[in-house]
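Inspection log for the structure reproduced underneath, given as structure tokens.
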Amino acid sequence: MITSKIDQLGSEKTLAGYGHSSNIHSRSSSHFKPIKNLHQSFFNHVKTLINGLSAEESGWEQRIGSFVLKTSPGHLRLSNGGRVRARASLNADLKAVGIPHQWYNVVADLSVKPPPPLHPKTFEPVKPEDLSPLFPDELIKQEASTDKFIDIPEEVLDIYSLWRPTPLIRAKRLEKLLDTPARIYYKYEGGSPAGSHKPNTAVPQVFYNAQQGIKNVVTETGAGQWGSSLAFACSLFGLDCEVWQVRASYDQKPYRRLMMETWGAKVHPSPSSITETGRRILQMDPSSPGSLGIAISEAVEVAAKNADTKYCLGSVLNHVLLHQTVIGEECIKQMEAIGETPDVIIGCTGGGSNFAGLSFPFIREKLDGKINPVIKAVEPAACPSLTKGVYAYDYGDTAGMTPLMKMHTLGHDFIPDPIHAGGLRYHGMAPLISHVYELGFMEAMAIPQIECFRGAIQFARSEGLIPAPEPTHAIAATIREALHCKETGEAKVILMAMCGHGHFDLKSYEKYLQGKMVDLSFDEEKIRASMDKVPQVTRN
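If you use my numbering, the sequence shown closes out at 595, no skipped numbers anywhere.
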């Protein structure tokens, strides 16, 4: 996004102090009337300053808050000796593009619709009543919806405004470090209260549960980003929250657990002795590192047995991916505002919500013939569901309690090695992403974790932000692409999904910096054994 920083040369007056308020102005509340007056003063002052500009000098529009200013790129000489300087900044993104008021449903634009989820016992397409023990009615509707756009409730938008819009940032220092002609941009979701993209769906999920009178929700979490996001949302709507966190991450990331507890959640390591599923896993392997599939089974078991409790999922399902499209909808407007079109779009994938959130709105533009970017999903080499898995109906959890979904899977029984990107340790890929991949609208690649952390260090030391382990996969792929551009001389525009910060993942960085990190690859024999247990489903 571009902002106008107005330096009044030769004068004691400056407008720098006015700029910060426009993100606050976006909330339509009477409490912010003084801010509106401040905006009007700011606008009037700028209008006075630029009145002397020629038509050529004032040839393009720049939005600040709800106002439109006439400026032009670069430096503009003012009649009184001042100048307007346009430059990229994080705060500018918050000012220039508003929060989308609708989520986008990519299913509406697919000529071949995705295969339906199946009942785990009958293997017939699930009905709404089959899902009602787990989800509130509105989320069930969204899961099966073919509407192109779905309105975001005002209550959700109000909470979104705490951190949205999120910034689109050009990684100029990384470009310089790599000596590449490519222009690298990243959409940064780490400014949310939980530090990742996950509140984008946690807030509406809890809102719809609260609307239906539900008092308790349960969930799983890997690295803890989803669990902390759900705990945050529950604290705002007054719901009780119970979380099963994958054992490997529970031990590696204690501060994520403390975040959840700070927001009022009860947290258990998974597998746990609380559920039948957990006890069965622990009996087979007392030192099990757990997996997202196991944690899902535990949470679903509790929800299914308690009428006053519903289940929330942080990735994989259609309605989750739907909520995340707020990312891509914002990003399209932000790139339009700076006159850029992405040639390559890159995001990490585990269950796929962050990747889908950024890429699906761009896929719409691609299907409409407006742009033609290469879209790349990047997964861990130790859990490569897209690049090594099979496209088949499989359970979403280890115990086989969830509906069967057509997805790229390593087998629901597969337990990935405990890599540091805990949020990517899932045996399957979101059905909708799997379907889009099968249709040829995107590509996939797998990268080992040492290369990912090497890229993360380069990014942190050039751009300043410490990324979570999950988006280090996107960073590594972006660096590969940028270095390829260096070889070919192509000035491609690379857009990357930066889904969260790594402030609670420093143990992982410590292992890398001390040379103790090792690359973990998937075990072919283990995958074959897991694949043998995938249900054999034949459908026309």
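We treat Cβ as the ideally placed atom computed from N, Cα and C, and that holds for glycine.
Query raised in the report: Do Gly466 and Asp449 have their CB atoms nearer than 8 Å?
Result: Taking 8 Å as the cut-off, the Cβ atoms of Gly466 and Asp449 count as close.
Report task. Report the partner residues of Arg238 according to the DSSP bridge assignment. Result -> Val548
Query raised in the report: Straight-line CA distance for Leu669 to Glu356?
Result: Residue 669 cannot be examined here, being either before or after the span of the chain that is shown, 56 to 595.
Report task. Look up Met497 in the DSSP assignment and say whether it is helix, strand or coil. Result -> coil
Requested in this report: Could you check which residue in Pro326, Gly333, Val399 and Gly277 has the C-alpha nearest to that of Arg312?
Outcome: Gly277
Query raised in the report: Any chance the stretch 552-567 sits against the stretch 419-435, with 3 or more Cβ pairs inside 8 Å?
Result: Touching, no.
Requested in this report: Mark Asp398 as exposed unless 16 or more other C-beta atoms lie within 10 angstroms of its C-beta, in which case mark it buried.
Outcome: buried
Query raised in the report: Is Pro590 closer than 8 Å to Leu459 when the C-beta atoms are compared?
Result: yes
Requested in this report: Would you give the residue range spanned by the alpha helix (DSSP H) that Ile195 belongs to?
Outcome: Asp192 to Ala199
Query raised in the report: What is the DSSP secondary structure of Ile430, reduced to helix, strand or coil?
Result: Three-state DSSP puts Ile430 in a strand.
Query raised in the report: What number of angstroms, rounded off, separates the C-alpha of Ala354 from the C-alpha of Ile505?
Result: 32 Å
Requested in this report: State whether the stretch 529-537 contacts the stretch 193-209, with contact taken as three or more CB pairs (one from each stretch) at a distance under 8 Å.
Outcome: Between the stretch 529-537 and the stretch 193-209, the count of C-beta pairs closer than 8 Å stays below three; the two stretches do not touch.
**Report entry** Bounding residues of the beta strand (DSSP E) (the contiguous stretch that carries Val445)
**Finding:** Val445 to Tyr450
Report task. Label Asn373 either buried or exposed according to how many other C-beta atoms from any shown protein chain fall within 10 Å of its C-beta, with 16 as the threshold for buried. Result -> Asn373 is buried by the Cβ-count criterion.
Query raised in the report: Helix or strand or just coil, what does DSSP make of Ser283?
Result: Helix, per DSSP.
Report task. Whole angstroms is fine: what's the gap from Ala537's alpha carbon to Val181's? Result -> 45 Å
Query raised in the report: How is Glu116 classed by DSSP in three states: helix, strand or coil?
Result: Unreliable placement is indicated for Glu116, whose pLDDT of 35 sits below 50; no coordinate value is reported for it.
Query raised in the report: So the alpha helix (DSSP H) Lys421 belongs to, where does it begin and stop?
Result: Ser408 to Leu422
Query raised in the report: How many angstroms separate the CA atom of Glu384 from the CA atom of Ala552?
Result: 13 Å
Query raised in the report: Should Val162 go down as buried or exposed, given a rule of 16 or more other Cβ atoms within 10 Å for buried?
Result: buried
Query raised in the report: By how many angstroms is the C-alpha of Thr317 removed from the C-alpha of Lys541?
Result: 47 Å
Query raised in the report: Near Glu518, which residues of its chain fall below 7 Å by C-beta distance, leaving aside the five closest residues on each side in sequence?
Result: Ala226, Arg228 and Leu229
Query - Close Cβ partners of Glu395 (< 8 Å) along its chain, the five nearest in sequence each way excluded - result: Arg238, Tyr240 and Val548
Requested in this report: Figure out for me which residue from Glu579, Lys581 and Lys562 has the closest Cα to the Cα of Met572.
Outcome: Lys562
Query raised in the report: Apart from the five residues just before and just after His463, which ones in its own chain have a Cβ nearer than 6 Å to its Cβ?
Result: Ser440, Leu441, Gly444, Tyr446, Met484 and Ser489
Query - CB of Lys365 within 8 Å of CB of Val272, strictly - result: yes
Report task. Please decide whether Leu377 counts as near chain C, where near means a Cβ-Cβ distance under 8 Å. Result -> Considering every chain present, this structure includes no chain C. It has just one protein chain.
Query raised in the report: Hey, how far is the Cα of Lys588 from the Cα of Ser251?
Result: 34 Å
Query raised in the report: For Leu376 versus Gly407, is the C-beta distance shorter than 8 Å?
Result: yes
**Report entry** Cut-off 7 Å between Cβ atoms - residues of its own chain near Phe262, not counting five sequence neighbours on either side
**Finding:** Hits under 7 Å: Pro208, Glu210, Val211 and Phe292.
Query raised in the report: For Pro503 versus Ala511, is the C-beta distance shorter than 8 Å?
Result: Remark: C-beta atoms of Pro503 and Ala511 do not approach each other more closely than 8 Å.
Query - Own chain partners of Ser327 with C-beta closer than 7 Å, once the 5 adjacent residues on each side are dropped - result: Trp299, Gly333 and Glu353
Report task. Could you check how far apart the C-beta atoms of Arg219 and Val322 are, in whole angstroms? I think they sit under 8 Å. Result -> In fact, because the Cβ distance is near 27 Å, the residues do not count as touching under 8 Å.
Query raised in the report: In whole angstroms, what separates the C-alpha of Ser346 from that of Thr330?
Result: 15 Å
Report task. State the Cα-Cα distance for the pair Leu575 and Ala151, rounded to the nearest angstrom. Result -> 43 Å
Query raised in the report: Which residue from Trp158, Glu579, Ser585 and Gly557 puts its Cα closest to that of Tyr310?
Result: Gly557
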